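Since the structure comes first, as structure tokens, the remarks are kept for the end.
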Amino acid sequence: MNDCRIFQRALRRLRFGVVNGAPVESVGILGSGIMAGGIAEVVARADMRAILRARSEASATASLKGVEKGLARQVEKGKLEPAERDRILANISTTTDLGALGQCDLLIESVVEDLETKQQLFREFDAVTKPTAMLATNTSTLPVVEMAKVVKNPERVCGIHFFNPAQVLPLVEIVRPITASDETISRAADFVSKIGKEGVHVLDRAGFIVNALLFPYLNNAVRMLEDGTASMADIDTAMKGGCNFPMGPFALLDLVGLDTTLSILDTLHASFGDDNFAPRPMLRQLVEKGRLGRKTKAGFYEY
Ligand code: CAA
């Protein structure tokens, strides 16, 4: 690195307080959905403190209950010692106060896929977090740079994208907006390795790697059902048996959530203008009827 770049980097650190690649020990997780609870569990398992922040006491409690239920199942199956469950739960606390996340080394937002809501949250992060905290979004498709640009120090913002169920799936995408510093990306990679996940690096393009490839496939499965080419059950059986996928496209759509799927496809379609991403009418109809998948006990299938 030449002298000029070293000087500029040092100046930036002084101005913004991005001091070092200090390891992450406490993580604030924003949100109360399935992903937020799953991320909290993953963090707590790796012996870091997880503070789950929800907007209401009721949703914070419901989120924690979801984690407790999953761990209880593991204990029942004999896959987890009760002492280990207690250790994980002791590492998780909940709050409704954003200020309680002030000392966290890393914040991961996992709230609704709505850019304005996320941007507002990032503005609030600026007011409460310490300047060395890393700020991450678990967005599936929204541009990370749009969140980075609303904070005073966009260098510390990146995407840390988990997959559902976060407790089980090994992959995390580390998303680099053009604004992120090398330190931020390297700290994010360290964090991902500390939680025992496999990290892949990707630029800040809609859908990153996985969703850009997965969602046209899911959308085309719906098209095939609409066309009457095959039944839902046979399409699912075909993709499980023919490709060794753990679940077929309709079971997966119900797991991901049809509202989430719709919003991901809308974003991909708006970004790339490719009709392959245009959400199929049947998907919209199910969402309009409130059949959102497993979380509402009905989607393509009934639960
Ligand atoms: N929470 C915690 N643990 C869970 C779980 C959950 N929600 N679901 C399953 N598990 C655990 C089970 O307890 C079990 O663990 P043990 O073996 O230790 O007991 C293990 O996972 C396997 O589960 P099951 O035996 O019950 O069932 P399975 O073998 O059919 O696996 C599955 C279930 C893990 C969901 C598997 O079917 C799978 O991997 N499906 C594909 C999921 C996928 O593709 N996800 C990506 C979605 S896209 C996305 O997330 C991106 C986005 O931005 C929207």
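When you read off a place in the sequence shown, starting at 1, and then add 706, the result is the number in the numbering used here.
Note that the Cβ used here is the ideal one computed from N, Cα and C, for glycine as well.
Keep in mind the model is a prediction, meaning the values are calculated, not measured.
DSSP state of residue i mapped onto helix, strand, coil
i, result
"residue 743", "helix"
"residue 943", "helix"
"residue 761", "coil"
"residue 840", "strand"
"residue 908", "strand"
"residue 735", "strand"
"residue 916", "helix"
"residue 713", "With a pLDDT of 47 at residue 713, under the threshold of 50, the predicted position of this residue should be treated as unreliable, though the coordinate-derived value follows. Three-state result, residue 713: helix."
"residue 819", "coil"
"residue 1015", "Here the chain comprises residues numbered 707 to 1009, so residue 1015 is not present and cannot be evaluated."
"residue 885", "coil"
"residue 931", "helix"
"residue 718", "With a pLDDT of only 48 at residue 718, under the threshold of 50, the placement of this residue in the model should not be trusted, and no figure is reported."
"residue 768", "helix"
"residue 795", "helix"
Distance cut-off 7 angstroms: residue i Cβ against heavy atoms of the ligand CAA
i, result
"residue 920", "yes"
"residue 977", "no"
"residue 953", "yes"
"residue 825", "no"
"residue 785", "yes"
"residue 779", "yes"
"residue 758", "no"
"residue 869", "yes"
"residue 776", "yes"
"residue 958", "yes"
"residue 1047", "With the chain covering 707 to 1009 only, the question about residue 1047 has no answer from this structure."
CB of residue i within 8 angstroms of CB of residue j, strictly
i, j, result
"residue 802", "residue 829", "no"
"residue 854", "residue 885", "yes"
"residue 670", "residue 776", "Outside the displayed range of the chain (707 to 1009) lies residue 670, so it cannot be described from this structure."
"residue 827", "residue 734", "no"
"residue 1019", "residue 941", "As shown, the chain starts at 707 and ends at 1009. That puts residue 1019 outside it, with no answer to give."
"residue 919", "residue 958", "no"
"residue 851", "residue 832", "no"
Contact belief for residue i with residue j at Cβ below 8 angstroms, rounded distance in angstroms
i, j, result
"residue 835", "residue 813", "6 angstroms"
Using a Cβ distance threshold of 8 angstroms, determine whether the segment 878-892 contacts the segment 831-839, with at least three qualifying pairs required. no
With a cut-off of 8 angstroms, do at least 3 Cβ pairs link the segment 975-993 to the segment 856-873? no
Quick one: any contact between the segment 935-951 and the segment 960-968, if contact means 3 or more CB pairs under 8 angstroms? no
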